[in-house]
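In this note's numbering, the protein residues as written are 148 to 245.
Here's what the structure looks like:
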């Protein structure tokens, strides 16, 4: 009985270590993604500033980047205008693209 309990405790300890390792990896990935999003936003802002200096209309994509908030699941939905429409039911490809 003591052997079974010892094996169970060892397995539990190893699983906990693995879980903590995964958790740390996820934090690193989240931080890296946050850095990437920050850099992309900075690039877009620089582009917008450059376009504004040239007198051209602002076609910045800032509003199209999804942002994450603290505690978010990390699964952000794309804005509606980025979703691909599905063909109308009952129409053949040749009817849609003559």
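We put the CB at the ideal spot given by N, CA and C, even for glycine.
In angstroms with no decimal places, state the Cα-to-Cα distance between residue i and residue j.
| i | j | result |
| --- | --- | --- |
| residue 148 | residue 166 | 27 Å |
| residue 160 | residue 178 | 27 Å |
| residue 176 | residue 189 | 20 Å |
| residue 191 | residue 163 | 42 Å |
| residue 169 | residue 193 | 36 Å |
| residue 154 | residue 174 | 30 Å |
For residue i, name the three-state secondary structure that DSSP assigns.
| i | result |
| --- | --- |
| residue 185 | helix |
| residue 174 | helix |
| residue 168 | helix |
Excluding the five sequence neighbours on either side, which residues of its own chain have a C-beta within less than 6 Å of the C-beta of residue i, listed in chain order?
| i | result |
| --- | --- |
| residue 183 | none |
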